[in-house]
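Numbering (the working numbering), first residue to last: 2 to 396. From the three backbone atoms N, C-alpha and C, an ideal C-beta is built for every residue, glycine too. Quantities reported herein were computed from a predicted structural model and do not represent experimental measurements. Right, one structure below, let's go through it.
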């Protein structure tokens, strides 16, 4: 265990809540100024919230010189991704991290509240996305996960990762995995307390965690720390073969503010992004299993990630051996960043006998899909599996 929690200050004071009844038209709704959600799910009432989060924990401090241009950055990434022994002590040292942050999120409750509405699906997006990953605004009948969840009767909480979208910004040489673990822990407490939805939702009885890629990494570490914090885990795009430094080089990173100063003017040189559509396709899709519209969406709604986020992943323990809840693992067949390009066999080896308390533990490899499962052209079958699993385990 690399991390010992020092102090956790829980706060559930709502700073800003805006009710947004949803029109059934897929393009009818616009978001409030504190939100980055492009489209509310159909047949739901959604509320944008800004939630205060405060904590201090043991984490890591960047100790290398901070680069100022792309040439210095790619040289550093190349060295760290080389085959020499990867010595993290040359990059970071132990330090206390944390502070006072604001997390931008959206609660959505079905307009027809049934028995499943008291089960809240809390979704954590991956490194290249914001919370729109769960409510994609194009070809919504196919791609929009939130629509499917609401239609099944579940409530939702979607949020932007710290440093992304409407949430607080901090240095790319600071934002790291352990920030996100603590944020998720507190968000679960806020959701379970039902503070902000009690007028519309009588109670929150169950919490289903779903994550994509880096979001699944954060979930797995949280469940390793606190195995009884949630009821169900759905892990998309996760395997132990993930190597932060090698993945960074595969991303072909560029300093975000240099590549697009208008979009990323807030970000220091520690925030990176991909260079072009080709790199986006290489890291997220498999030929024949994506559409031009999916690629265009990813490119036009690009986000930035901090260099510390993938690098500090290497300090985490993703083996939630004591988590007792139903667990579904979904990987695309061809996922370069977590399976080194081919997931069959790797995924099973990483979970079977390791997540030994999970009951049941279901593992599915989605043929043809790659890293970004929700933008894969076979996404409908993925959603079918998710909701069939929840029904099977009684949620």
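Bridge-paired residues (DSSP) for residue i
i	result
residue 207	120
residue 329	235 and 363
residue 213	237
residue 111	45
residue 95	61
residue 383	None, per the DSSP bridge assignment.
Outcome for residue i when other beta-carbon atoms lying within 10 angstroms are tallied against a minimum of 16
i	result
residue 249	buried
residue 117	buried
residue 28	Confidence at residue 28 is low in this model, with a pLDDT of 25, below 50, so the placement of that residue should be treated as unreliable; the coordinate-derived value is given next. Residue 28 comes out exposed.
residue 69	exposed
residue 191	buried
residue 229	exposed
residue 149	buried
residue 212	buried
residue 200	exposed
residue 99	buried
residue 223	buried
residue 392	exposed
residue 24	For residue 24, the predicted model reports a pLDDT of 31, less than 50, meaning its position is unreliable; a value from the coordinates is still stated below. Counting Cβ neighbours within 10 Å, residue 24 comes out exposed, since fewer than 16 surround it.
Given residue i as reference, the closest of the options once Cα atoms are compared
i	options	result
residue 378	121, 139 and 50	139
residue 333	304, 252 and 348	348
residue 324	331, 298, 352 and 340	352
residue 157	198, 184, 346 and 238	198
residue 178	149, 164 and 191	164
residue 299	129, 319, 227 and 76	129
residue 309	271, 355 and 109	271
residue 108	276, 124 and 232	124
residue 92	312, 100, 182 and 339	312
residue 343	151, 366 and 355	366
residue 384	236, 292, 194 and 66	236
residue 304	135, 275, 287 and 252	275
residue 180	285, 47, 389 and 60	60
residue 368	354, 288 and 95	288
residue 63	97, 297, 262 and 380	97
residue 101	126, 387 and 52	52
Beta-carbon gap between residue i and residue j smaller than 9 Å
i	j	result
residue 105	residue 50	yes
residue 317	residue 218	yes
residue 234	residue 321	yes
residue 132	residue 38	yes
residue 40	residue 141	yes
residue 154	residue 111	yes
residue 238	residue 360	no
residue 290	residue 370	yes
residue 260	residue 306	no
residue 43	residue 151	yes
residue 215	residue 314	yes
residue 302	residue 135	no
residue 251	residue 231	no
residue 182	residue 193	no
Any non-hydrogen atom of the ligand PLP within 8 Å of residue i CB
i	result
residue 55	Although the ligand PLP was asked about, the structure shown includes no ligands whatsoever.
Counting pairs of beta carbons, one from the region 171-184 and one from the region 251-270, are three or more of them closer than 8 Å?
Flag = yes, the region 171-184 and the region 251-270 touch.
For the region 179-199 against the region 53-72, do three or more pairs of beta-carbon atoms, one drawn from each stretch, fall closer than 8 Å, so that the two count as touching?
Cβ pair count under 8 Å is three or more, so yes.
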